[in-house]
Amino acid sequence: MFLYEQALGPISAKKSLSFSSLLLSGILFFRKFRIDPLFCFCFLGACFFFPLHSETIQKITSFDTLTSLDSTSEQSWEITPSAIDPVLFSKDYLEGKKNSIPFEIYKAPGIHKLKDESVRTVYIVKKFIAPKEWNATSLSIRLGTINDKDRTYLNGTLIGATGDLNSKFPQAYDKIRVYPIANELIRRGDKNIIVIQVQKFFDRELGIEQDRTLIGDSSLVLKDLLRAEYIKTFLLMIYLTVGGYFLFLYVRRRSDRENLYYGLFTILFFIYQFLRNQIKYDLGIEFIYMKKVEYIILTVLIPLFANFVRVYFKYPRNMILNVLDGSYAAFTIFYLFSNNVIHYNNLNKHVVQYGWIVYVCLISYYLIRRIIQKDRDALFILLGVLVVVIAGVLDTLGARNVIVFPRVVGYAFLFFILSIATILANKFVRLNEEVEELNEDLEKKVEQRTEELKQSLEQVNRLKVQQDADYFLTSLLINPLSSNKNTSAVVKTEFYTKQKKSFEFKGKTYEIGGDILISGNVELSGKRYVVFVNGDAMGKSIQGAGGALVMGTVFNTILTRSGISSQKDKSPERWLKEAFLELQKIFESFDGSMYISIVLGLVEESSGLLYYINAEHPWTVLYRDRVASYIEDELTLRKIGIPENEQHLTIKTFRMLPGDTIVIGSDGRDDLLIGKAEDRIINEDQEQFLRRVEEGGADLKEVYDRIVKFGALVDDFTLLKITYHPDDRVSSFQTLPIQSLQDALDRGKELLEKNRVQDGLKTLERALELHPKNEQILKVLGRFYLREKDYAKSVGYWETLLDQNGASSDFLYHASLCYKMLRFHQKAADLGERAFLQDPSLLRNLINLADIYRILNILPRAKELIERALRIDPNNNKALQVKNSLEVV
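First residue of the sequence shown? That's 1 in the UniProt record's numbering, and the numbers climb one at a time after it.
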């Protein structure tokens with residue numbers, strides 16, 4: 001190749017050689033070196049048919065939009081290590097003169113590796129054809145991050161420069177270059193050339209390494225750049241707030257060293273991300289010092305987080321962690337006293353980043369051990385760590401120029417913050433307990449040490465500020481969870497909330513408490529239902545708010561899952577049972593530190609049938625015809641979270657009539673301070689609430705006003721109002737009191753009793769044709785065919801009755817019995833379980849359901865049911881027969 005270049009001499013100035021040039025060059029080459037003519041002829045022929053390089057010029061159609069200059073398969077940049085004068089080179093090109101400078105294809109953005117380390121400067125060239133006309137008043141070009149210093153020329157005119165070419169220190173190898181272009185510099189409708197003189201800093205790496213290259217209207221270029229910077233700046237504010245908050249917690253409670261580690265980690269991450277931001281160049285700080293800080297932070301970030309996890313989960317230090325921390329401390333000292341960025345880079349790439357792997361393994365070990373012990377905090381932290389690790393790997397590959405990829409650690413860190421936020425509730429509870437202890441001892445301190453009153457008050461005020469900040473953050477988490485998302489036009493829901501605890505934060509007043517209200521919609525077995533829950537978590541202020549936060553998160557997850565997954569064959573009883581068991585399991589995991597009372601229910605839109613569970617919540621009120629009354633009179637369930645509570649689960653039902661209103665409220669509606677405040681007389685008359693509902697006409701705001709006139713609130717106060725307003729058509733559950741219908745029913749029964757079966761059936765079926773929804777006729781026919789063992793016909797009547805009244809445990813039992821006899825055992829079991837949830841003491845259903853599970857070979861459930869039946873009636877023959885059958889199995 002060297003001989004060939006010597007022979008070609010000046011003829012090779014242009015990268016695209018003409019046939020005449022090749023021919024002349026070949027002849028000279030042949031004569032000078034006396035090569036076989038046949039070989040020379042073949043070589044020249046190949047050059048004719050396969051040109052050495054074809055010049056490609058990008059054609060830009062408009063400057064009014066942003067046009068990418070990145071390399072593609074159709075357009076590219078060129079690069080050469082040969083020394084050129086950018087001004088003269090550009091002038092010669094534009095005048096069509098040939099030159100002898102060899103260029104290589106360069107893919108921009110991307111790293112260019114030099115073959116010769118002694119080369120310090122290269123020249124990158126981009127050619128394009130400009131449009132003839134454009135509307136933009138000013139133009140700019142974006143060249144991404146260039147390693148390291150550059151002088152950029154357009155058509156021989158310097159349009160921008162970054163860095164001092166005579167400095168031995170790096171200048172700005174991660175700065176995005178944006179240079180303005182004067183309109184008169186552009187050759188309209190003709191060829192233009194960009195020449196970038198790039199001086200390297202690292203040994204073999206230089207070029208337009210990251211980001212994008214584009215040209216267009218200056219305002220669009222600036223807007224495109226600032227959009228990303230604004231987002232990064234917004235995230236920086238979040239990181240700074242979180243870091244400052246945790247450091248503040250540590251200042252107030254020095255024993256919680258996990259707050260110190262996590263606060264320092266977040267603040268340092270904020271500084272690191274700021275140093276990755278283009279805004280840093282506006283500070284006027286020398287680049288070398290910014291890089292020094294950046295590498296120091298990279299070294300200490302992962303060790304800080306590893307120690308945060310270790311301290312939070314109470315793990316002792318070990319030899320591996322001591323060696324790692326000592327090594328990374330030594331790296332940090334090296335960065336402080338060295339100003340060699342190349343050494344920084346090599347140490348970071350070949351030592352520090354590989355040490356991260358060991359730290360990540362330690363963190364994973366700590367978290368996985370805790371996850372095995374069913375620690376939910378560890379699971380959330382691990383999920384956040386995985387997201388950040390993946391983003392960190394992508395950023396590391398990008399920094400090493402393995403891939404061209406935007407930095408995403410800043411965005412991934414948001415997920416990390418969310419995973420940490422879930423552990424705040426426990427810390428809030430502990431802090432609140434400390435504040436309460438301080439308040440209890442305050443009077444003694446005043447009496448014993450009056451001279452220290454000022455210092456004590458200042459300490460309490462500081463704690464109050466911290467507490468209010470905790471309250472504010474918790475209220476921000478709870479508010480979106482307590483929402484009225486019901487969209488039904490038939491069953492409407494209204495909320496009223498007044499939390500007992502109010503606080504001020506940054507000049508505004510907020511409320512926080514343990515009461516929560518949620519409503520929504522689900523579709524079960526083809527029918528639409530309105531879902532509602534009113535909960536009252538155990539404890540005051542922050543403790544109650546923690547329970548409300550858990551309740552809101554879990555129940556909203558259930559609603560979301562119900563809307564996504566198929567509920568085609570799920571009955572309302574089963575849906576309520578599954579929701580109850582999921583809540584019970586979650587609250588039971590707190591080992592008695594968190595309970596909650598709730599009323600959880602469904603209202604069927606088509607019939608107004610109310611299914612509900614009351615777990616130690618105040619009784620439900622019916623407001624009908626301006627009269628308020630309770631629809632329940634006994635306690636069947638304890639608070640959610642009490643062990644073995646699920647054994648007493650009973651799903652209650654109530655049919656709402658058109659215009660009915662259901663009012664549900666927390667115990668704040670009854671626990672009122674009456675009389676003088678110093679007497680502390682608490683209302684114990686539950687009938688008072690009924691009177692307030694009647695006085696207020698079931699209008700929630702009016703009811704609240706009547707209550708506070710009667711007595712002062714001493715607890716959180718919430719009310720839920722459910723109203724049923726169906727269409728004007730007659731509801732399916734209503735029957736028409738027609739004398740002829742009763743006559744036909746009596747006549748049909750009489751004929752059946754006299755064994756005149758055909759006449760009796762005809763009479764009843766004729767009456768059923770006139771009144772297809774009549775419950776009495778359907779029951780008579782269902783029982784008759786069941787007695788005659790025509791189970792297929794019998795089950796049809798029971799299914800019709802269930803469509804009209806799914807709240808009848810008797811209908812469910814008969815349908816289950818028919819399906820069992822038809823050998824549809826799973827369907828029979830589902831119906832039997834629904835009847836059991838509505839009436840756990842229905843003896844016939846218990847025996848039938850136990851027998852079904854015996855057939856299905858689900859023996860533990862069968863034994864549990866038959867034992868329950870024998871407790872009700874120890875001498876029941878059918879129950880004893882099923883029990884004997886189970887003992888044989």
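Every residue gets a Cβ at the ideal spot worked out from N, C-alpha and C, and that includes glycine.
Closest option to Leu672, judged by alpha-carbon separation, among Arg680, Val703 and Gly711: Gly711. Excluding five sequence positions before and after Pro303, the CB atoms of its chain that fall closer than 6 angstroms to its own CB belong to Asp325 and Tyr328, given in chain order. Here the alpha carbons of Phe128 and Thr145 stand approximately 21 angstroms from one another.
Under the 10 Å beta carbon count, Met237 is surrounded by fewer than 16 other beta carbons and is classified as exposed. In the three-state DSSP reduction, Leu473 falls in the helix class (H, G or I).
Uninterrupted beta strand (DSSP E) stretches at least 3 residues long and entirely within the region 554-619 occur at 596-604 and 609-615, given in chain order. A contact between stretches requires three or more CB pairs, one per stretch, nearer than 8 angstroms, and the region 276-285 fails this requirement with the region 298-314. Each of Lys292, Asn147, Tyr354 and Asp670 was checked against the Cα of Ala108, and the nearest Cα belongs to Asn147. Taken atom to atom, the span from the alpha-carbon of Ile722 to that of Asp536 is near 18 angstroms. Going by beta carbons, Leu602 and Val490 fall outside the 8 angstroms limit. Put simply, the backbone Cα of Thr152 is about 5 angstroms away from that of Gly160. Annotated three-state conformation of Ser68 is strand, per DSSP. Per DSSP, Ala489 has no beta-bridge partner at all. The three-state secondary structure of Lys506, taken from DSSP, is coil. In this structure, the straight-line span from the alpha carbon of Gln686 to that of Pro618 is close to 9 angstroms. Closest in C-alpha terms to Cys818, from the list Asn848, Gln838 and Gly806, comes Asn848. Secondary structure at Val341: helix, using DSSP grouped into helix, strand and coil. Excluding residues up to 5 positions away in sequence, Val119 and Val122 lie with their Cβ nearer than 6 angstroms to the Cβ of Pro81 in the same chain.
Excluding residues up to 5 positions away in sequence, Val87, Ser90 and Lys91 lie with their Cβ nearer than 6 angstroms to the Cβ of Gly156 in the same chain.
DSSP places Pro860 in the helix class (H, G or I) of the three-state scheme. Around the C-beta of Ala330, fewer than 16 other C-beta atoms lie within 10 Å, and the residue is accordingly described as exposed.
Here Lys883 is near Ile866, since their CB atoms are less than 8 angstroms apart.
Rounded to whole angstroms, the gap between the alpha carbons of Val385 and Glu452 is 46 angstroms. With 16 or more neighbouring CB atoms inside 10 Å of its own CB, His814 falls in the buried class.
DSSP, reduced to helix, strand and coil, places Trp356 within a helical segment of the structure shown. One alpha carbon belongs to Thr61, the other to Leu225, and they sit about 22 angstroms apart. Ile194 and Tyr354 have their alpha carbons spaced roughly 40 angstroms apart. Take Pro726, set aside five residues on each side of it, and the residues of its chain with a beta-carbon closer than 6 angstroms to its own are Val490 and Pro658, in chain order. Glu78 sits in a strand when the DSSP states are folded into three classes.
Ranked by how close their Cα comes to the Cα of Leu842, the residues Ser808, Glu229, Ile662 and Ile420 have Ser808 in first place. The shortest C-alpha to C-alpha distance from Ile420 to any of Ile855, Glu578, Glu74 and Phe308 is the one to Phe308.
Taking all protein chains in view, the Cβ of Tyr261 is crowded by 16 or more other Cβ atoms within 10 Å, so the residue is classified as buried.
In this structure, the CA atom of Gln647 is about 41 angstroms from the CA atom of Asp468. Non-local beta-carbon contacts of Ser519 in its own chain, meaning distances under 7 angstroms to residues more than five positions away in sequence, involve Asn484, Lys485, Asn486, Thr493, Val530, Val531 and Phe532 in chain order.
With contact defined as three or more Cβ pairs closer than 8 angstroms, the region 281-295 and the region 159-175 are in contact.
The region 511-528 makes contact with the region 462-481; the number of CB pairs closer than 8 angstroms reaches 3 or more.
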